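*Asks:* Below you'll find the structure I mean.
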Amino acid sequence: MKKSNRKLLLGEEEIACRVAELAAEISAEYEGRKVLLVCVLKGAVVFASDLMRRLKIPVEIDFIAVSSYGSDTASSGVVRILKDLDSSIQGKEILIVEDIVDTGLTLDYLRKNLLSRKPKSLKVVTLLDKPARRQVEFTPDYCGFEIPDHFVVGYGLDFNEDYRQLPGIHILNLEF
Ligand code: IMP
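Counting from 1, position 99 in the sequence shown corresponds to residue 89 in our numbering; the numbering is continuous, with no gaps.
Pasting the structure below:
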């Protein structure tokens, strides 16, 4: 029998429950205000679309793409913007929506870059956090799940552009 190269870590329902909790928390904190969600392409697309439909506050959404691991699973440490936001964020309440914080290099860079554009406020929500691999100090304002040091795919996260469509989050066994 062929062995699967992945193992389920977080199922669809567990993710949906946690996304609803995060949305409730964020809606309460931003009550009476409008938020601009900055979705980090491509991995955070699924999370951002589920999260925004659960938010009870007015939201706008924009997208930014930064260089990531390319075809490897280890961080290069080099971050650059591949696609910038469509409009100015000056004076706006910004919530960066990310799929996973690993070394922290991407969000450390993005946070500093967006702060230099003078938003009214800036916070970060990440679905997943892998604190074991941090290279720079970074703590997200909202986090769905802390996970152990494994490479994960699904629910928007990829390996070489594959697996993004899986509804759950799976640990990928890279040795197969
Ligand atoms: P960081 O800069 O090391 O924190 O990495 C952030 C980015 O690396 C994420 O937005 C993902 O695109 C990618 N990444 C980190 N860990 C994983 C993983 O386990 N699976 C898929 N992508 C990952």
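Using N, Cα and C, we set each Cβ at its ideal position, and we do this for glycine too.
Remember, it's a predicted structure, so these values are computed and weren't measured experimentally.
So for Q141, helix, strand or coil by DSSP?
*Replies:* Before going further, note that residue 141 is Phe rather than Gln in the sequence given. DSSP places F141 in coil when its eight states are reduced to three.
*Asks:* State the DSSP-derived secondary structure class of I84, mapped to helix, strand or coil.
*Replies:* Strand.
*Asks:* Please report how far the alpha carbon of L31 lies from the alpha carbon of D89, in whole angstroms.
*Replies:* Using only the alpha carbons, I get a separation of about 9 Å.
*Asks:* Based on the DSSP output, what are the partners of T116 in its beta bridges?
*Replies:* Answer is E88, C133, bridged to T116.
*Asks:* I believe I86 touches L45 by the beta-carbon criterion, under 8 Å. Please report the beta-carbon distance rounded to the nearest angstrom.
*Replies:* Not really, about 15 Å apart at Cβ, beyond 8 Å.
*Asks:* For the putative contact between G158 and G33, defined by C-beta atoms under 8 Å, what is the C-beta separation to the nearest angstrom?
*Replies:* 15 Å between Cβ atoms; not a contact.
*Asks:* Can you list, in chain order, the residues of its chain whose CB lies under 8 Å from that of L104, leaving out five sequence neighbours each side?
*Replies:* Around L104: V28, I79, I84, I86, L112.
*Asks:* What are the partner residues of I5, as DSSP defines its beta bridges?
*Replies:* DSSP, once it has assigned bridges, lists no residue as partnering I5.
*Asks:* Give every residue of the same chain whose Cβ lies closer than 6 Å to the Cβ of L41, excluding the five residues on either side of it in the sequence, and list them in chain order.
*Replies:* So the list reads V9, A13, once near-sequence residues are dropped.
*Asks:* Is it the case that the CB of L95 approaches a heavy atom of the ligand IMP more closely than 7 Å?
*Replies:* For the ligand IMP, at least one heavy atom lies less than 7 Å from the Cβ of L95.
*Asks:* So for R(-4), helix, strand or coil by DSSP?
*Replies:* Strand at R(-4).
*Asks:* Going by C-alpha distance, which of L156, P121, T93, V49 is nearest G144?
*Replies:* Closest by alpha carbon: L156.
*Asks:* In whole angstroms, what is the alpha-carbon distance linking F149 and I47?
*Replies:* Near 34 Å, if we compare the C-alpha coordinates of I47 and F149.
*Asks:* So P138 and V91 are supposed to be a Cβ contact under 8 Å. How far apart are they, rounded?
*Replies:* Rounded, the Cβ-Cβ distance is 14 Å, inconsistent with contact.
*Asks:* Check the C-beta distance from F37 over to L117 and give it rounded, since I have them as a contact under 8 Å.
*Replies:* Indeed they touch by this definition, with Cβ atoms about 5 Å apart.
*Asks:* Could you tell me the alpha carbon to alpha carbon distance between K82 and V25, rounded to whole angstroms?
*Replies:* If you take the alpha carbons of K82 and V25, they lie about 7 Å apart.
*Asks:* In its own chain, which residues sit with a C-beta less than 8 Å from the C-beta of V68, not counting the 5 before and 5 after it?
*Replies:* These residues qualify, in order along the chain: S57.
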